[in-house]
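Asks: I have a structure here, written as structure tokens, and I will follow up with some questions on it.
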Amino acid sequence: QEKPSRLSAALLGEDCEISHEQVYELLKYAALGKGHNAAQPSWCHIYHQSHLAGVVVIVLHEMSQLHFYKFYLQFKHLRRVFRHRFTLRPSSANFLTSLYGDEANLNPENTARGSTSTSSQRATNSSDLQQDPIIQKYGEEKQGLTGYTLTLEELKKNDYPMKGHYLFILGSPGYEGYMYTECDQQRTDSSPLFGLDCEMCLTAKGNEVTRVSLVDAQGRCLLNELVKPESRVVNYRTRFSGITRKMLLPVKTKLADIQTRLKRMLPHDAVLVGHSLNADLQALQMIHPSVIDTSLLFARNEGRRFKLKFLAKAVLGKEIQCEQKIGHDPTEDAKAALELAQFFIEQGPAKVAELNLEMILTTERLTEISPNKSMLKPQQNTVQREQNGPSQLSRSCFLDCLQMTGQKPLLLGRQEPDSSGLCQGNLSSSNKQILQQALKDVPLSTFSIIQFSLDPEHVAPHLLAGICEKVRTKLTDMLTIYAGPFDESFCLKTVKKEFGKCGPIRSLTIVMETYQPYVCIQYEVLEAAQLAVESLNGAEVAGSCIKVQRHVTATMLDCDVLIKELELDIENEGVIYVAGLKKSLTETDLQEEFSQLKDLQALFLPRDLQSGKHRNCCFLKFLKPESAVDAIEVINGWAMMGSRLRSRKALAPGHLWRWIWQMDRSNEKQTGDILSVEKEQQSNFEQELRKKLKKLDQHIRKLYRRLQNNTLCVVLFPGVN
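Position 417 (the sequence shown) corresponds to 417 in UniProt numbering; numbering is contiguous.
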């Protein structure tokens, strides 16, 4: 019996975003396989590619993520059948051209196909390099070490202990008892670097340092000392810290002793290097003015950070924090962070960006879930092969390769490529005619591209701006709840604390237009708002028995239906939301706490897209839906570090919360465009579009049902720009 082909994607949460090139990479391997020098995609894995019966690409022209979520209820088949969903990054290139191959290759004026393709590839790589967050932060030119030390603004933003008036900006009154290293001498590019790392245990007081390591620029260990915590240890965290009760029993060294030794050892122009060094300095209760933080140095988009273990392997080729060892070695970690900073300074931002760490990380994640690791090639090898000379496959469009192997790709739709690779409209074919032709021809083809389009009147920019505003408004209304009534002398702080247990709050305001005061609370994630409605309606808060409800508007009348359908969305299968987490808990802490839950597959900790700090909530993904349901029962009422947890089924796919945030940012740009659109015209337009998209969903359903088993089917919403 043949093994079924299947697709596995390792991207979760904020990583659910792919480029046109990655789509091309997937389709190329699915269509050609290993036998034609095509490689497994770097971001996902196709199992048993040789058993694939075919590949079908359905392109919904002029439609984007905006259409999918505005008319979510109309896309009944898409949201219930298609298991993987990704945000497609905007691209300046013609979308169909990127599917057919390099635009240069499709232009008859370019006769020297090989050399043209190579220069085109180099131009793309150079363009991609400009978009790398490392280049955007530091530029391409090398700098001395002073160019990479954190600025005062960065120290403040990332919660580094600071002296003086910054104490009050941070709102952290505990810093006045911290020891200052008094390393006030001006830094130069020849100032000495020192690697620092600490291991902490959880005590009744919180995180307290129990081991400290300091290494010099040559990697020599200057300090490696166990420290006796002041308070009773609640959790030794041996799995990560390597600290045991037995190890600390004979220890006499106190935190004050370590502070004095460090202050004496550091020269007045010392630069400390560490990975998320703010946590170490807070645990040491010390203030140092000049640091290089490798978690920020190797910059990523939107506040995300690489782990030290990954950077050590990807950049230095070193294995640290090995599973065979019990706990982390702080000397090893301090040395790794130091060497990473030295590598960055010596090589410069451009060389670091060329490593393409994001691609290596995606490949590594995929390797962890793939049983056939030999099929996954590191990104460096791919770069090296291209430098040695592009293969025949990279020189020509893979559709050409299909034809060379005797397979004829099927291209159906109103838009066909002309000889230059551009798409020409063929308005004589309706979507219904295209569907009828596809039902006959697709089962006979191994690779098909089926294109459906909207009519020109349905893509008018001013009307689309109106849709954008309505989606933003509806999402905002769904994130907003009203609670009350309260007594006139109620404590707002108590209300904020109680509702904050349901998830991160964006804004909280008092409504005074009513007889008794109400509170309007806008959350940052949909699950938090729903949890508040479900768990706090009828509860006693701030001395009052309150009602919790959403704003009732015309667009919110189907809110309950939408919530129910979101729960049934196949993307949310086996995923739960957990709120009430202490912000001091790290991802490692949470993985350890939740490790006892059966069939736990992954943990996603959302971060603030501006500050990079994680929220007081997380998402847990389970291998089986029933395990997720069991976990909700276990977690509800579970106390973690004195905080009571609340949980429910997930409502929003991993990428949606970031999109909501982006929609909110673009609100001001859109508002002006929609003022001139008459309400009646907008309403008629939406009604027509709703019918069209429902019909398109039915077309996809009919075509999907005609496909053979083991067919890879991809639906693309490429947008208009």
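Here a beta-carbon is modelled for each residue, glycine too, at the ideal position from N, C-alpha and C.
Would you grab the beta carbon distance between C502 and L479 for me? Rounded to a whole angstrom, and I think it's under 8 Å.
Replies: Not really, about 12 Å apart at Cβ, beyond 8 Å.
Asks: If you drop the 5 nearest sequence neighbours on each side, which residues of the same chain put their C-beta closer than 7 Å to that of E593?
Replies: M640
Asks: Taking all protein chains shown into account, do 16 or more other C-beta atoms lie within 10 angstroms of the C-beta of Y523, making it buried, or fewer, making it exposed?
Replies: So Y523 counts as buried.
Asks: Can you tell me where the beta strand (DSSP E) with G195 in it begins and where it stops?
Replies: Counting along the chain, G195 sits inside the beta strand (DSSP E) bounded by residues L193 to T203.
Asks: Closest to residue 726 by C-alpha separation, out of L73, Q22 and I292, would be which residue?
Replies: Residue 726 lies beyond the stretch modelled for the chain, which goes from 1 to 721, so this question has no answer here.
Asks: Please state whether DSSP places N301 in a helix, a strand or coil.
Replies: The answer is helix: DSSP assigns N301 an H, G or I state.
Asks: Find out if the Cβ-Cβ distance for the pair A334, L196 is shorter than 8 Å.
Replies: yes
Asks: Out of curiosity, what's the CA-to-CA distance linking S42 and L410?
Replies: 26 Å
Asks: Assuming F75 contacts D697 (C-beta within less than 8 Å), just tell me the rounded distance between them.
Replies: 5 Å
Asks: Express the C-alpha separation of R187 and V471 in angstroms, rounding to a whole number.
Replies: 51 Å
Asks: How big is the Cα-Cα spacing for M247 and D589?
Replies: 21 Å
Asks: Assuming I510 contacts I521 under a Cβ cut-off of 8 Å, what Cβ separation, rounded to an integer in Å, is found between them?
Replies: Not quite, the Cβ-Cβ distance comes to about 11 Å (not below 8 Å), so this is no contact.
Asks: Tell me the residue span of the beta strand (DSSP E) that contains H45.
Replies: C44 to Y47
Asks: Could you name the residues of the same chain whose beta carbon sits closer than 8 Å to that of R550, not counting the 5 residues immediately before and after it, in chain order?
Replies: Take R550, set aside five residues on each side of it, and the residues of its chain with a beta-carbon closer than 8 Å to its own are D477, M478, T480, I481, Y482, A529, V533, M556 and C559, in chain order.
Asks: With respect to the alpha helix (DSSP H) encompassing I510, which residues constitute its N-terminal and C-terminal limits?
Replies: Unbroken run through I510 is the beta strand (DSSP E), I505 to V511; no alpha helix (DSSP H).
Asks: When the Cβ atoms of the segment 281 to 289 are set against those of the segment 301 to 312, are three or more pairs found closer than 8 Å?
Replies: no
Asks: Please check the pair V251 and V271, which I expect to be a contact at CB under 8 Å, by giving their CB distance rounded to whole angstroms.
Replies: With 8 Å as the limit, V251 and V271 do not qualify as a contact, their Cβ atoms being about 29 Å apart.
Asks: Go through its chain and collect everything with a Cβ distance to N224's Cβ below 6 Å, but skip five positions before and after it.
Replies: S213 and T331
Asks: Verify whether the separation of the beta carbon atoms of V227 and L255 is less than 8 Å.
Replies: yes
Asks: Starting from Y523, trace the beta strand (DSSP E) both ways and give me its first and last residue.
Replies: Counted as a single uninterrupted DSSP element, the beta strand (DSSP E) harbouring Y523 occupies residues Y518 to Y523.
Asks: Using a threshold of 8 Å, state whether the C-beta atoms of D184 and H275 are closer than that.
Replies: no
Asks: Thinking just about the alpha-carbon of each residue, which of A337, F71, E339 and A314 is nearest to the one in L355?
Replies: A314
Asks: Can you tell me where the alpha helix (DSSP H) holding T331 begins and where it ends?
Replies: P330 to Q347
Asks: What are the boundary residues of the beta strand (DSSP E) that includes Y482?
Replies: T480 to G484
Asks: Could you have a look at K702 and say whether DSSP puts it in helix, strand or coil?
Replies: helix
Asks: Report all residues from its chain with a CB closer than 7 Å to the CB of T203; omit the five preceding and five following residues, and keep chain order.
Replies: The answer, listed in chain order, is P229, S231, R232, V233 and V234.
Asks: Rounded to whole angstroms, what's the CA-CA distance from Y518 to G538? Just pull it up for me.
Replies: 14 Å
Asks: Closest by CA to D487, which one among L454, D441, Q436 and E540?
Replies: E540
Asks: Rounded to whole angstroms, what's the CA-CA distance from Q687 to G466? Just pull it up for me.
Replies: 13 Å
Asks: Going by DSSP, what residue range makes up the alpha helix (DSSP H) through C559?
Replies: If you look at C559, you'll find it in the alpha helix (DSSP H) that goes C559 to L568.
Asks: By a C-beta neighbour count over all protein chains shown, 10 Å radius and 16 as the cutoff for buried, is G574 buried or exposed?
Replies: buried
Asks: Decide if G177 is buried, meaning its Cβ has at least 16 other Cβ atoms within 10 Å, or exposed.
Replies: exposed
Asks: For V23 and T294, what's the separation of their Cα atoms in angstroms?
Replies: 32 Å
Asks: Would you say the segment 214 to 223 touches the segment 258 to 266, given that touching needs at least three Cβ pairs under 8 Å?
Replies: yes
Asks: Could you tell me the distance, in whole angstroms, from the CA atom of L316 to the CA atom of M359?
Replies: Each residue's Cα considered, the two are about 16 Å apart.
Asks: For T514, which option in Q596, Q347, G543 and G484 has the closest C-alpha, if you only look at C-alpha atoms?
Replies: G484
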